[in-house]
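See below for the structure under consideration.
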Amino acid sequence: MAIELELRLKGEDVNEDSLEDLIDWLERAGIDGLEIKRKEPPPVKGDMGVLADPAIVVTVVSTVVALADIAINVVGWRNGKEVEVDPTLVNPAEALQENEVKIKELLTKMKGKAHKNK
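Its first residue numbered -10, the sequence shown is counted upward by one per residue in this note's numbering.
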């Protein structure tokens, strides 16, 4: 069973650089089975190429332990940034079958906003 998670970033610090920083942060974490993809918006007539959404990253893992590692790393990455992370399970029916309570707790942990020290 794969757990597919969409992380949508919101806030004044969200841009292409912040999304790339999060992707790099997660890749350096060495999470077993982690696959990271950029979400591509649907094509629009007249587009000359495929652009990734600058506020969304999709991660795929196979275990709740790996999902917990993602949650811990997202919370650490958010520290000091004006960024809210809104996690959404892309495949909730499959992913929630066995570990519904734990997965919902981890998604709640990832949500929220950290504030810069001003």
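From the three backbone atoms N, C-alpha and C, an ideal C-beta is built for every residue, glycine too.
Limits of the unbroken alpha helix (DSSP H) element including residue i
| i | result |
| --- | --- |
| Ile45 | Here Ile45 belongs to no alpha helix (DSSP H); instead the beta strand (DSSP E) covers Ile45 to Val50. |
| Glu5 | Glu5 to Arg17 |
| Asn62 | Val53 to Arg67 |
Residue i - partner residues in DSSP beta bridges
| i | result |
| --- | --- |
| Lys(-1) | Glu73 |
| Leu23 | Per DSSP, none; premise fails for Leu23. |
| Ile92 | None; Ile92 has no bridge partner. |
| Glu(-7) | Val49 |
When the options are compared against residue i, the one with the closest alpha-carbon
| i | options | result |
| --- | --- | --- |
| Thr77 | Leu56, Lys70 and Gly69 | Leu56 |
| Ile45 | Ala18, Gly65, Gly0 and Val54 | Gly0 |
| Gly65 | Arg(-3), Lys100 and Ile92 | Lys100 |
Check your understanding: Any contact of the stretch 56 to 76 with the stretch 2 to 11, i.e. 3+ C-beta pairs under 8 Å?
Key -> They touch, by the three-pair rule.
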